[in-house]
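Sequence lines, in order, name chains A, B and C.
Here our numbering is used: the first sequence runs in plain steps of one and ends on residue 312.
Here our numbering is used: the second sequence runs in plain steps of one and ends on residue 359.
Here our numbering is used: the third sequence runs in plain steps of one and ends on residue 345.
Contents: one structure, followed by commentary.
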Amino acid sequence: MKVEARSDVALALEVRDLSVELGRRPIVTDVRLDVPTGGWLCVIGPNGAGKTTLVHAIAGLVPRTGSVRLWGRSTDELGRRERARSVALVPQLPAIPESFTVEQYVLLGRTPHLGLLASEGAGDLEAAATALERLDLGWAASRRLDSLSGGELRRAVIARAIAQEAPLLLLDEPTTGLDIAQQLRVLELVDELRRADGLTVVSTMHDLTLAGRFAQRFALLSGGHVVAEGPRGEVLLPHVIAEHYGARVGVIDDGSLGWAVVPLSGPEP
Amino acid sequence: MGRPRRILTAFALALWLAACGSYAGSEEGAPGGGDSPASEAAAFPVTIEGTNGRVTIDERPERIVSLSPTATEDLFATGAGDQVIAVDELSNFPAEAPVTELSGYEPNVEAIAGYEPDLVVFATEPGDLAASLEGLGITALQLDAAPTLRGAFDQIEQLGLATGHVAEADALVAELRVEVNLLVDGSDPSGLSFYYELDDTFYSATSKTFIGQLFELLGLENIADPAGKGSGGYPQLSAEYIIEADPDLIFLADTKCCGQSPETVAERPGWDEIAAVTDGGVVALDDDVASRWGPRVVDLLSQIAAAADAAEEDAA
Amino acid sequence: MSLRTALRGSRARAFVVGVAVLIAALLAGLLIGPVRIGAANVLRWLVSFGRTPSGMSEQEALILAELRLPRVIVAGLVGASLAASGAAYQAVFRNPLADPYLLGAAAGAGLGATIAVGYGPAGAIDVTVPVAAFVGALVGVGLAYGLGRSNVGGRAATSLVLAGVAVASFLTAVQTFLQQQRSDTLRQVYTWILGRLGTTGWDDVWLALPSVVLAVTTLWVVRRLLDVIEVGDVEAQSLGLNVTRLRLVVVLAASLATAAAVAVAGLIGFVGIIVPHTVRLLVGGSYRSVLPLSVLFGASFLIVVDLLARTVVAPAEIPIGVITALVGAPFFVVVLRRNRRAT
Numbered sequence: 044m045k046v047e048a049r050s051d052v053a054l055a056l057e058v059r060d061l062s063v064e065l066g067r068r069p070i071v072t073d074v075r076l077d078v079p080t081g082g083w084l085c086v087i088g089p090n091g092a093g094k095t096t097l098v099h100a101i102a103g104l105v106p107r108t109g110s111v112r113l114w115g116r117s118t119d120e121l122g123r124r125e126r127a128r129s130v131a132l133v134p135q136l137p138a139i140p141e142s143f144t145v146e147q148y149v150l151l152g153r154t155p156h157l158g159l160l161a162s163e164g165a166g167d168l169e170a171a172a173t174a175l176e177r178l179d180l181g182w183a184a185s186r187r188l189d190s191l192s193g194g195e196l197r198r199a200v201i202a203r204a205i206a207q208e209a210p211l212l213l214l215d216e217p218t219t220g221l222d223i224a225q226q227l228r229v230l231e232l233v234d235e236l237r238r239a240d241g242l243t244v245v246s247t248m249h250d251l252t253l254a255g256r257f258a259q260r261f262a263l264l265s266g267g268h269v270v271a272e273g274p275r276g277e278v279l280l281p282h283v284i285a286e287h288y289g290a291r292v293g294v295i296d297d298g299s300l301g302w303a304v305v306p307l308s309g310p311e312p
Numbered sequence: 044m045g046r047p048r049r050i051l052t053a054f055a056l057a058l059w060l061a062a063c064g065s066y067a068g069s070e071e072g073a074p075g076g077g078d079s080p081a082s083e084a085a086a087f088p089v090t091i092e093g094t095n096g097r098v099t100i101d102e103r104p105e106r107i108v109s110l111s112p113t114a115t116e117d118l119f120a121t122g123a124g125d126q127v128i129a130v131d132e133l134s135n136f137p138a139e140a141p142v143t144e145l146s147g148y149e150p151n152v153e154a155i156a157g158y159e160p161d162l163v164v165f166a167t168e169p170g171d172l173a174a175s176l177e178g179l180g181i182t183a184l185q186l187d188a189a190p191t192l193r194g195a196f197d198q199i200e201q202l203g204l205a206t207g208h209v210a211e212a213d214a215l216v217a218e219l220r221v222e223v224n225l226l227v228d229g230s231d232p233s234g235l236s237f238y239y240e241l242d243d244t245f246y247s248a249t250s251k252t253f254i255g256q257l258f259e260l261l262g263l264e265n266i267a268d269p270a271g272k273g274s275g276g277y278p279q280l281s282a283e284y285i286i287e288a289d290p291d292l293i294f295l296a297d298t299k300c301c302g303q304s305p306e307t308v309a310e311r312p313g314w315d316e317i318a319a320v321t322d323g324g325v326v327a328l329d330d331d332v333a334s335r336w337g338p339r340v341v342d343l344l345s346q347i348a349a350a351a352d353a354a355e356e357d358a359a
Numbered sequence: 003m004s005l006r007t008a009l010r011g012s013r014a015r016a017f018v019v020g021v022a023v024l025i026a027a028l029l030a031g032l033l034i035g036p037v038r039i040g041a042a043n044v045l046r047w048l049v050s051f052g053r054t055p056s057g058m059s060e061q062e063a064l065i066l067a068e069l070r071l072p073r074v075i076v077a078g079l080v081g082a083s084l085a086a087s088g089a090a091y092q093a094v095f096r097n098p099l100a101d102p103y104l105l106g107a108a109a110g111a112g113l114g115a116t117i118a119v120g121y122g123p124a125g126a127i128d129v130t131v132p133v134a135a136f137v138g139a140l141v142g143v144g145l146a147y148g149l150g151r152s153n154v155g156g157r158a159a160t161s162l163v164l165a166g167v168a169v170a171s172f173l174t175a176v177q178t179f180l181q182q183q184r185s186d187t188l189r190q191v192y193t194w195i196l197g198r199l200g201t202t203g204w205d206d207v208w209l210a211l212p213s214v215v216l217a218v219t220t221l222w223v224v225r226r227l228l229d230v231i232e233v234g235d236v237e238a239q240s241l242g243l244n245v246t247r248l249r250l251v252v253v254l255a256a257s258l259a260t261a262a263a264v265a266v267a268g269l270i271g272f273v274g275i276i277v278p279h280t281v282r283l284l285v286g287g288s289y290r291s292v293l294p295l296s297v298l299f300g301a302s303f304l305i306v307v308d309l310l311a312r313t314v315v316a317p318a319e320i321p322i323g324v325i326t327a328l329v330g331a332p333f334f335v336v337v338l339r340r341n342r343r344a345t
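Here's what the structure looks like:
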């Protein structure tokens with residue numbers, strides 16, 4: 044039916060030797076990742092590093108070599124619908140069918156649970172309604188998508204992914220287009236779902252501060268290779284960031300303010 | 044005969060009816076018509092009244108190109124056949140006519156000139172054919188679709204004059220006139236109705252048209268007449284209209300172009316109850332004969348008269 | 003309650019309205035025609051299952067049974083096919099201008115008809131043309147699909163559309179060339195291209211019915227999936243949809259429906275765009291409603307258009323393709339403006 048989170052298998056997601064080529068160009072090469080159940084891995088890296096391609100490869104949307112295992116089961120063994128019930132993707136640039144209502148859009152998340160001739164049942168409607176509530180979009184259910192603001196739209200996309208009820212959630216730049224308050228709200232919500240439902244999360248983010256504050260493990264992807272992997276203290280270091288991003292930053296870990304990455308300018312000290 | 048020709052015929056007829064041309068009134072006084080001397084040698088030069096105005100022919104033409112199937116028939120019927128060196132691709136009668144790939148609709152002046160003609164006869168003027176030919180020093184004579192039977196006979200006489208066969212032409216016309224009169228006098232269809240079919244989308248012809256007049260001569264009633272207002276004489280009917288009108292006779296002028304026959308007509312939905320179909324009154328005409336205005340028009344008239352008589356007997 | 007309100011209420015109610023409109027159109031098609039037959043007589047004829055009521059002549063009964071009834075049915079089948087195919091193509095190609103002839107169906111059918119008219123036996127035209135058009139339409143689509151098929155993520159739809167354009171251009175060029183060779187048949191082919199139902203009878207019904215029913219039912223059944231593909235190939239795949247297979251199924255079904263429609267009625271344009279878009283303006287974009295309502299309104303639309311075609315200049319007939327364009331465009335503008343004012 045779908046791959047279930049298993050408590051006896053420690054790793055929710057196990058990626059080995061994953062490589063993706065488009066045309067003859069290697070985009071992602073020999074990626075190795077481990078994500079425990081209920082964990083949050085954030086893939087960071089400069090633009091063009093291949094982050095989106097990596098996420099799509101994990102979701103089974105682009106041809107790849109190497110292996111991707113969900114709780115021990117290789118995704119190659121899964122049928123299309125089974126995989127969709129196991130992995131939900133929130134894309135960076137979602138296509139928005141303008142004339143759909145928010146409810147219709149979120150119900151699309153139930154697609155992998157429906158047979159060909161089936162139509163949504165009470166359980167599906169409830170899953171969609173719940174997802175809407177959690178994303179504070181209950182009021183918008185009958186509104187058309189093209190009447191929503193950018194932030195509301197992004198929440199609707201996330202609601203669709205939540206409605207899929209998949210144990211692994213992939214988020215590609217989830218804070219795009221959101222103001223600071225909305226960014227925090229979305230990330231806090233994902234964190235809450237992770238803690239409450241045991242959701243496993245893999246995200247890509249460009250904002251290093253937010254990434255550092257919410258995710259637990261990090262993989263720095265640069266030029267298609269994972270050049271650093273581990274907890275925050277091992278990856279999000281000024282010299283590592285300087286080497287791969289080409290930017291001078293400082294890292295603050297202050298008691299009251301918490302942890303942050305601060306951009307620096309001016310001559311080298 | 045292709046259907047574009049019928050449309051062109053319609054336009055030509057509209058023009059003619061409006062002008063009520065000198066051509067139609069020239070049956071008695073055709074210049075050089077009945078007055079020319081019997082001797083062929085002294086007959087030239089002659090002046091012919093063509094659709095393109097007065098055309099002067101200086102000497103007896105020996106290399107005639109005909110781009111009009113009707114003119115071809117007229118020429119051969121008046122004995123001028125051996126003066127004809129080339130005819131257009133649609134001039135399929137008589138069999139001995141020298142058919143070429145020349146087109147009467149899209150004439151290629153160079154191709155025509157290649158035959159080195161001294162006279163080119165044509166029916167439809169695509170724009171500048173006459174002018175182009177005259178520019179090359181070739182005499183061009185246009186003889187448009189005749190609006191009446193008289194007009195058709197006049198053309199035969201004009202061509203006889205143009206080719207130096209006046210006597211044969213006059214004799215032919217006289218003979219045709221006699222035949223027509225015999226047919227007309229011998230018929231008494233007392234109000235039989237008919238439907239004349241031009242193509243398989245139910246285009247017909249009213250009594251105002253050349254072909255319609257033939258039927259009128261024989262006293263037949265044309266079901267297309269009430270529908271003919273404003274259609275230039277060629278209205279389109281519909282299956283419902285025809286079934287309702289229940290004609291006693293059906294004449295098919297689309298046997299060649301569109302493959303229609305009494306059998307195909309009987310198979311049309313709802314047509315098998317029409318009087319013409321149940322009484323065997325569906326007549327297949329030859330498309331070509333029905334769209335030309337040459338000597339075979341009288342054959343057509345005779346075929347129509349025979350069908351009318353047969354239907355008359357059945358009804359009686 | 004306005005039509006729009008009625009349709010927006012619930013899907014079930016919208017469906018009922020659609021059926022009601024269709025029945026009204028069917029009745030109008032039977033009652034009105036070049037020959038006047040009293041309405042009461044027609045209704046009596048219908049109710050008595052075709053036995054001629056006393057007030058009606060045999061001819062009138064014949065006209066109803068052999069001409070009008072099959073014609074109205076074929077108009078409905080053709081309208082439903084074109085509207086459903088248009089809506090489905092707009093979904094799987096995510097292109098609001100997609101119409102049933104997108105992948106070379108029209109060009110293929112036109113070429114088939116030209117070959118049948120120009121080179122086939124003249125006496126068998128009413129058999130050869132529909133068959134040749136049908137086969138031609140399928141060949142056109144097959145070529146376009148074969149050439150344009152691509153498994154690369156988001157470009158599959160565009161690639162098919164481009165292949166369709168190429169195939170259509172090529173086949174049209176061949177058709178034009180052949181027509182020039184046989185210019186005496188130009189008029190016949192042109193008449194067919196403009197679309198007509200003037201010689202429709204029961205055998206056209208039997209010819210079109212199986213294909214149309216099969217194809218339209220298929221499209222009806224997958225309508226929910228058409229909603230899913232609206233979010234793009236990549237996202238739809240992430241939701242578990244087999245995008246390539248859905249597109250193939252839709253292309254097959256729509257081509258079958260279009261080929262059948264074209265075989266019996268020639269090339270009638272505009273229906274495949276106007277009807278789905280108008281339905282969308284009235285009920286919103288979900289194909290769960292758009293597809294069934296396109297079927298119902300498409301059928302009604304074409305029945306009414308055919309009615310106009312055969313009565314406005316009776317007994318002559320205006321080619322249907324001309325009327326769909328003349329009637330469809332202003333109608334669409336009216337709906338569009340009303341929608342803009344309302345929201």
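All C-beta atoms in this analysis are idealised placements derived from N, C-alpha and C, irrespective of residue type, glycine included.
How would you call residue i, buried or exposed, if buried means at least 16 neighbouring beta carbons within 10 angstroms?
i, result
"TRP208/C", "exposed"
"HIS279/C", "buried"
"ASP229/C", "buried"
"ILE25/C", "exposed"
"TRP336/B", "buried"
"HIS148/A", "Contrary to the premise, residue 148/A reads as Tyr rather than His in this sequence. Under this definition TYR148/A is a buried residue."
"VAL63/A", "buried"
"ASN151/B", "exposed"
"PRO98/C", "exposed"
"THR121/B", "buried"
Please report the Cβ distance between residue i and residue j, rounded to the nearest whole angstrom; I am assuming they are in contact, meaning their Cβ atoms lie under 8 Å.
i, j, result
"THR116/C", "LEU180/C", "5 Å"
"LEU64/C", "GLY313/B", "5 Å"
"LEU221/C", "ALA111/C", "The pair is not a contact, with the Cβ atoms about 19 Å apart (cut-off 8 Å)."
"ALA100/A", "ALA209/A", "So it is not a contact: roughly 17 Å between Cβ atoms."
"LEU257/B", "LEU186/B", "At roughly 19 Å, the Cβ-Cβ gap does not stay under 8 Å, so LEU257/B and LEU186/B are not in contact."
"ALA348/B", "LEU219/B", "Wrong, their Cβ atoms sit about 14 Å apart, outside the cutoff."
"ASN265/B", "SER250/B", "5 Å"
Give the DSSP bridge partners of residue i, in chain order.
i, result
"PRO134/A", "DSSP lists no partner for PRO134/A."
"GLY96/B", "GLY93/B"
"CYS85/A", "SER246/A, PHE261/A"
"HIS268/A", "SER265/A"
"GLU321/A", "Any answer about residue 321/A is impossible in this case: the structure gives chain A only from 44 up to 312."
Residues, ordered as in the chain, of the segment 65 to 92 of chain C that lie near chain B by beta-carbon distance below 8 Å
Within the segment 65 to 92 of chain C, ILE65, ALA67, GLU68, LEU69, ARG70, PRO72 place their CB atoms closer than 8 Å to a CB of chain B, listed in sequence order.
Determine which residues of the segment 231 to 259 of chain B have a Cβ less than 8 Å from any Cβ of chain C, and write them out in chain order.
Using a CB distance below 8 Å, the part of the segment 231 to 259 of chain B facing chain C consists of ASP242, ASP243, THR244, PHE245, ordered along the chain.
Note down, in chain order, all residues in the segment 93 to 117 of chain B with a beta-carbon under 7 Å from any beta-carbon belonging to chain C.
Close to chain C, meaning a Cβ-Cβ distance shorter than 7 Å, is no residue of the segment 93 to 117 of chain B at all.
Within 9 Å of chain C by C-beta, residues of the segment 288 to 312 of chain B in sequence order:
Only those residues of the segment 288 to 312 of chain B whose C-beta falls short of 9 Å from the nearest C-beta of chain C are listed: ASP289, THR298, LYS299, CYS300, CYS301, GLY302, GLN303, SER304, GLU306, THR307, GLU310, ARG311, PRO312.
Taking a Cβ distance cut-off of 8 Å, strictly less, list which residues of the segment 49 to 80 of chain A are near chain C, in chain order.
For the segment 49 to 80 of chain A, there are no residues whose beta carbon sits under 8 Å from a beta carbon of chain C.
Runs of beta strand (DSSP E) wholly within the segment 261 to 305 of chain C (minimum 3 residues, chain order):
If we require 3 residues or more, the segment 261 to 305 of chain C turns out to have no beta strand (DSSP E) run fully inside it.
Give, in chain order, every unbroken run of the alpha helix (DSSP H) that is at least 4 residues long and sits entirely within the segment 206 to 265 of chain A.
With a minimum length of 4 residues, the continuous alpha helix (DSSP H) runs that stay inside the segment 206 to 265 of chain A are 223 to 240, 251 to 257.
Contact set between the segment 155 to 175 of chain C and chain B, restricted to residues whose Cβ is under 7 Å from the partner:
Of all residues in the segment 155 to 175 of chain C, none places a beta-carbon less than 7 Å from a beta-carbon of chain B.
Which runs of the alpha helix (DSSP H) fall wholly inside the segment 90 to 174 of chain C and span at least 4 residues, in chain order?
Complete alpha helix (DSSP H) runs here, min 4: 107 to 121, 127 to 150.
Could you please tell me which residues of the segment 31 to 42 of chain C, in chain order, have their CB closer than 8 Å to any CB of chain B?
Those would be GLY35, PRO36, VAL37, in chain order.
Report the residue ranges of all alpha helix (DSSP H) runs contained in full by the segment 176 to 247 of chain B; include only those spanning at least 4 residues, in chain order.
Segments of the alpha helix (DSSP H) lying fully in the segment 176 to 247 of chain B: 192 to 206, 209 to 229.
Closer than 9 Å between beta carbons: that is the criterion. Which residues of the segment 117 to 139 of chain A meet it against chain C?
For the segment 117 to 139 of chain A, which is checked against every Cβ of chain C, the residues closer than 9 Å are GLY122, ARG123, ARG124, GLU125, ARG126, ALA127, ARG128, VAL130, ALA131, LEU132, PRO134, PRO137, ALA138, ILE139.
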